[in-house]
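Colleague: In terms of my numbering, the sequence shown opens at residue 5 and continues consecutively.
First the structure, which I've put down as structure tokens, then a few questions once you've had a look.
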Amino acid sequence: MKPEPTPLAAGLYLVATPIGNARDITLRALDILTAADVIAAEDTRTARKLMEIHGVALGNRPLIAYHDHSGENARAGLLKLIGEGRSVAYMSEAGTPLVSDPGYALARAAGEAGYLVTAAPGASAVLAALSLAGLPSDRFLFAGFAPATRTARLKWLEELVSIPATLVIYESPRRVCELLADLVQTAGAERQAAVARELTKRFEEVLRGSLGELSSALEGRRLKGEVVVLVDRGCETVADDTMEAALKRALETMSLKDAATAVAEAYGLRRRKVYQAALAMEKNG
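Have a look at this one:
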């Protein structure tokens, strides 16, 4: 016999759900789905199926469809339930609510009303892709979905590609090749990147290489499934004499390796390039 669920305090519970593999859900998420007075979901069919897979009985509890375009009335209805002392669990169709998924307007409104808002963290395509891409992960920018039109996309990319952080972009499988071609134009064919698709599913695939290589490799391919494109951090243009002067100062108090790392991070340069320059300086005295 399963133990009775622990009652939840009134409030909004943002529940992360699997992005592909149904087993990628936390025990706490299942506890919340079991105990919540009300279940709200971006897609009620997906929510119902997930609960059935994990043996979470809906019973007589309401299952309410909600996304941020549902309108003020739908949002007000959920807030009213919380105000009456109910616990509301909210699930997006897949992944973490609010991360390129619905839930922002609801969570903001609940917080502004003074209600409890908490999260049961879990699966996220952003983090899964970042962990597999082989690109720097100490600093990254999740940019969401790229604009659909080329003019808007190019302008959008031009603002992003110089940022010293790994870019994480969602894209439709139909437009991945167009996005890569535009990235080659704005970031250069040699910039390192990765394309991840069908994460956690049977046909998971992660391609790594330069933007030029990936653009050529995927040209003509008909991709399926959700796609994440990741691009190595932008590097500012720094004159060689500026870099060498910075290295000289750093080498006065640091090891060669530490000096190269410090200068690379300070100027947004590739560490290997700075390290090779430091080796050359040491060799030439």
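Using N, Cα and C, we set each Cβ at its ideal position, and we do this for glycine too.
These numbers were taken from a predicted model, which means no experiment stands behind them.
Are Pro125 and Thr100 close, meaning C-beta to C-beta below 8 Å?
Modeller: Reading the sequence shown from its first residue, position 121 is the one you call residue 125. Reading the sequence shown from its first residue, position 96 is the one you call residue 100. Against a cut-off of 8 Å, the Cβ pair of Thr100 and Pro125 comes out as a contact.
Colleague: Going by the beta-carbon positions, is the gap between Leu187 and Leu161 smaller than 8 Å?
Modeller: Walking along the sequence shown from the start, residue 187 turns up at place 183. Walking along the sequence shown from the start, residue 161 turns up at place 157. Result yes, Cβ atoms of Leu187 and Leu161 sit closer than 8 Å.
Colleague: At 3 residues or longer, and completely inside the segment 25-107: list those beta strand (DSSP E) runs for me, N to C.
Modeller: 42-45, 67-69 and 91-95
Colleague: Any idea what DSSP makes of Asp245, helix, strand or coil?
Modeller: Taking the first residue of the sequence shown as position 1, residue 245 is located at position 241. In this structure, Asp245 counts as helix in the three-state DSSP scheme.
Colleague: Quick one: measure Cβ to Cβ for Ala191 and Val232, integer angstroms, because I've assumed they're closer than 8 Å.
Modeller: As a first step, residue 191 is located in the sequence shown; it is residue number 187 there, counting from the start. As a first step, residue 232 is located in the sequence shown; it is residue number 228 there, counting from the start. About 17 Å separates the two Cβ atoms, so there is no contact after all.
Colleague: Contact check, Ala93 vs Ile173 under 8 Å by CB: the rounded distance?
Modeller: The residue labelled residue 93 in the question sits at position 89 within the sequence shown. The residue labelled residue 173 in the question sits at position 169 within the sequence shown. Incorrect: roughly 30 Å between the Cβ atoms, too far for contact.
Colleague: Taking the straight line between their C-alpha atoms, what separation do you get for Ser128 and Ile23?
Modeller: Along the sequence shown, one-based indexing puts residue 128 at 124. Along the sequence shown, one-based indexing puts residue 23 at 19. In a straight line, the C-alpha of Ser128 is about 7 Å away from that of Ile23.
Colleague: Using 10 angstroms around the beta-carbon of Gly107, count the other beta-carbons present and answer buried if the total reaches 16, otherwise exposed.
Modeller: Walking along the sequence shown from the start, residue 107 turns up at place 103. It counts as buried.
Colleague: Examine chain B for any beta-carbon lying closer than 8 Å to the beta-carbon of Ala197, and answer yes or no.
Modeller: This model lacks chain B altogether; it includes just one protein chain.
Colleague: Do Ala111 and Phe144 have their CB atoms nearer than 8 Å?
Modeller: On the sequence shown, residue 111 is found 107 positions in, with the first residue counted as 1. On the sequence shown, residue 144 is found 140 positions in, with the first residue counted as 1. No, Cβ-Cβ distance for Ala111 and Phe144 is not below 8 Å.
Colleague: Where Leu222 and Cys181 are concerned, what is the direct C-alpha to C-alpha distance, given to the nearest angstrom?
Modeller: Here residue 222 refers to the residue found at position 218 when the sequence shown is read from its first residue. Here residue 181 refers to the residue found at position 177 when the sequence shown is read from its first residue. Leu222 and Cys181: Cα-Cα distance of roughly 7 Å.
Colleague: Are the segment 275-288 and the segment 252-263 in contact at 8 Å, needing three or more beta carbon pairs?
Modeller: yes
Colleague: In the structure shown, what three-state DSSP assignment does Val165 receive?
Modeller: Here residue 165 refers to the residue found at position 161 when the sequence shown is read from its first residue. Here Val165 sits in coil by DSSP.
Colleague: Applying the criterion that 16 or more other CB atoms from any shown protein chain within 10 Å of the CB defines a buried residue, is Ile36 buried or exposed?
Modeller: Numbered from its first residue, the sequence shown carries residue 36 at position 32. Result: buried.
Colleague: With DSSP run on the structure shown, which of helix, strand or coil describes Glu223?
Modeller: Along the sequence shown, read from residue 1 onward, the residue named residue 223 stands at position 219. Three-state result, Glu223: coil.
Colleague: Could you have a look at Gly115 and say whether DSSP puts it in helix, strand or coil?
Modeller: Position 111 of the sequence shown, counted from the first residue, corresponds to residue 115. In the structure shown, Gly115 sits in a helix (DSSP, three-state: H, G or I).
Colleague: Taking the alpha-carbon positions, what's the Ala200 to Leu218 distance?
Modeller: Within the sequence shown, numbered from 1, the residue matching residue 200 stands at position 196. Within the sequence shown, numbered from 1, the residue matching residue 218 stands at position 214. The alpha-carbon atoms of Ala200 and Leu218 are separated by roughly 11 Å.
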